[in-house]
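Chains A and B, in that order, give the protein sequences. Position 204 of the first sequence, counting from 1, maps to 204 under our numbering, and the rest follow consecutively. Position in the second sequence (first residue = 1) + 1000 = our numbering. For every residue, glycine included, the Cβ atom is placed at its ideal position computed from N, Cα and C. Report on the following structure.
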Amino acid sequence: MNQRLLHTPEGVRDIYGKEYARKLEVENRLHSLIASYGYEDIQTPTFEYFDVFSKEIGTIPSKELYKFFDKEGNTLALRPDFTPSMARCAAKYFMEETHPIRFTYKGNTYVNTSNLQGKLKEVTQMGAELIGDASVEADGEMIALVVESLKKAGLQEFQVSIGQVEYFKGLCQEAGLDEETEMDLRACISGKNFFAAAELLKERNVSDPYRETLLKVADLFNSMTSLNDAKKLVHNERSLAAIERLEKLDEVLRLYGVADYVSYDLGMLSKYNYYTGVIFKAYTYGVGNAIITGGRYNTLLARFGKDAPAVGFAIVIDDLMEALARQKAQIPTGETLQVEYTPGNASVFASALSKAMELRAQGKCVSLIAKEN
Amino acid sequence: MKGNKMESKFNDERYLTFALGKGRLASKTLDIFEKIGITCEEMRDKSSRKLIFVNEELKMKFFLAKGPDVPTYVELGSADIGVVGYDTILEENRNVYEVLDLGFGKCRMCVCGPESAKDLLLHHERIRVASKYPNIAKDYFYNKKHQTVDIIKLNGSVELGPLVQLSDVIVDIVETGSTLRENGLGVLEEVCPLSARMIVNPVSMQMEKARIRELVMKIRAYLESENQENK
């Protein structure tokens, strides 16, 4: 036997038996929840033209994409996330549609991360996208769905952190930062790297009231403990509008009854560049990164030719399963009954078969087991 | 910002786990922790063969790890908080929050070599660079200096590189520079200043916000008072 053939490459894995049964059970629960909010299933290809995921669209760095060529020499890429594909579909098939479109999807995504870091390169994601609705109620629906999904999956202890990209952008504009400085600062702040941010602002000669304010955004431990404090810090319309939007969102979340699960973090920024408004991440014990990420992306669809606002989120199912396992959540999976028969004995087999068929008709799972005398 | 209710609801029975870089880094960190009322006597005991040390009262766990592994433990959530040199953070480039400059272990990451190598750094020439920190070296030469270089990873005594003609220059940590001088080498360029930093796992930051904030604020206040005295 060739032992080498038995291995899977680093970062991918087989899922089978009880583990897969639990994963399917969680997927089913989440899917029926999302469907109950009126989201329609959609399936897109595993690989697409590279340009769909390129730097201009604002997904992950190009070097982390799995890329290859077709016979005509086009560059193709395995999807690293679903959102660009969803935007492309909405633009392609619903160009004239003026009513909101609701998509839900599930599938595997691929990121070519470094080896030996204990990270998966292929993970299952499930998500929802609400396209053509710019309202704060739409933001609220998404965040409510995030909270309900995690509850439905069986998690009890989790937190959803909500930020607003516009708050930071408004501040940068007020301070008159150029695009490069803004990008660099964004990298520092999303890594909560206060020192690098301080160093950068000094290096680029950002003048004082702004420097201090921007650093306060970078600082996790500042006195800015409410939306109200954050509001006092800024004087530009863009940032103030961002705060107002979050205040309205909070009201919507109260109506949904999920306000207790959320907190606000205006220093939160995403590595995905396509987000334009509210962004959110859900955290729980047992995994080292956010299990759900999402946000509003009002300009992404325009890149595909349809000028429509949109908001969405993605659940990393594999991380969610790990968190559930570490937190010892019980996920009941179906039981399989066994009916025995004797090979070659027609009458025994006939009665075993009819018993099995009867049980199957009742909705039970039954396997026929051969038993020698 | 809100949600304090949740924080307190979760935290009662949970340990806050610290990964400390072995050696001087760990003992200096424990000094600071003691000053703000966090003690771990077990850990000071050199003869102990334990790997994990617990302070039951404060619900804290500590373990020692090799420096470059600290960001790994923190990124994957095995430790909530880590203390490690900035050089390691740069080299490992993990997804962690950097929350505090602890101020000790100050030194510099530098390009070093014989005086004669100075000229090689001026003309985008292809040169050989030996380093224990290939990622830092690569980032510096490619993205800051735009110079093409061959990087050779070494695991120690990097100063040997130029002496035995393995490489033209080295990228390494310089504290006093005495080893360099004794071997006829010197600092040619500074890459960045270094010191010990505290890093936090992003999920822990959210889930244990109140406890981590309290800890960081205490250390910050202590470091500031120290600075005042020194002035």
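- In this chain, the beta strand (DSSP E) harbouring A/Phe313 covers Ala310 to Val316.
- Around B/Tyr1097, the beta-carbon contacts reaching into chain A at under 8 Å are Gly191, Lys192, Asn193 and Leu220.
- Here A/Val111 carries a coil assignment [DSSP, helix/strand/coil].
- B/Glu1226 has a beta carbon lying at 8 Å or more from every beta carbon in chain A.
- B/Thr1179 is the residue among B/Ala1137, B/Thr1179 and B/His1146 whose C-alpha sits nearest the C-alpha of B/Leu1160.
- Residues of chain A whose Cβ lies closer than 7 Å to the Cβ of B/Leu1090 do not exist; the shortest such Cβ separation is about 10 Å.
- When DSSP assignments are scanned along the segment 1027 to 1084 of chain B, the uninterrupted stretches of beta strand (DSSP E) that are 3 or more residues long and fall wholly within it turn out to be 1052 to 1055 and 1060 to 1065.
- At a C-beta separation below 9 Å, B/Met1207 has these neighbours in chain A: Glu157, Phe158, Gln159, Tyr283, Thr284 and Tyr285.
- Within its own chain, the residues whose Cβ lies closer than 8 Å to the Cβ of A/Val136, once the five positions on either side in sequence are excluded, are Arg245, Lys248, Leu249 and Val252, listed in chain order.
- Rounded to whole angstroms, the Cβ separation of B/Lys1050 and B/Lys1022 is 14 Å, and the two are not in contact under 8 Å.
- Taking a cut-off of 8 Å for Cβ pairs, the segment 181 to 195 of chain A and the segment 1098 to 1107 of chain B touch, as three or more such pairs fall below it.
- In the structure shown, A/Gln3 adopts helical secondary structure according to DSSP, grouped into three states.
- The segment 124 to 136 of chain A makes contact with the segment 307 to 319 of chain A, as at least three CB pairs between them are under 8 Å.
- The three-state secondary structure of B/Gln1228, taken from DSSP, is helix.
- Interface with chain B (8 Å Cβ-Cβ cutoff): A/Asn289 is included.
- With a cutoff of 8 Å on beta-carbon distance, A/Lys232 and A/Leu240 are scored as not near each other.
- Per DSSP, the beta-bridge partners of A/Lys106 are A/Met126.
- A distance below 6 Å between beta-carbons, with the five flanking residues on each side excluded, links B/Val1149 to the following residues of its chain, in chain order: Ile1127, Val1129 and Phe1141.
- A/Asp219 has its alpha-carbon roughly 22 Å from the corresponding atom of B/Ala1079.
- With a threshold of 8 Å between beta carbons, B/Gly1077 makes contact with chain A.
- The DSSP assignment places 1134 to 1139, 1160 to 1163, 1178 to 1182 and 1202 to 1207 as complete runs of the alpha helix (DSSP H) inside the segment 1124 to 1210 of chain B, in order along the chain (cut-off: 4 residues).
- For the segment 92 to 124 of chain A, the set of residues with a beta-carbon nearer than 7 Å to any beta-carbon of chain B comprises Gly118, in chain order.
- Spanning the alpha carbons of A/Ile60 and A/Ser85 requires a straight line of approximately 14 Å.
- Excluding the 5 residues flanking it on each side, A/Leu120 has same chain C-beta neighbours closer than 8 Å at Gly11, Val12, Arg13 and Asp318, in chain order.
- Here A/Gly267 is not near A/Ile279, since their CB atoms are 8 Å or more apart.
- Just so you know, the alpha carbons of B/Ala1137 and A/Tyr264 end up roughly 38 Å apart.
- Only buried fits B/Met1198, as 16 or more other CB atoms lie within 10 angstroms of its CB.
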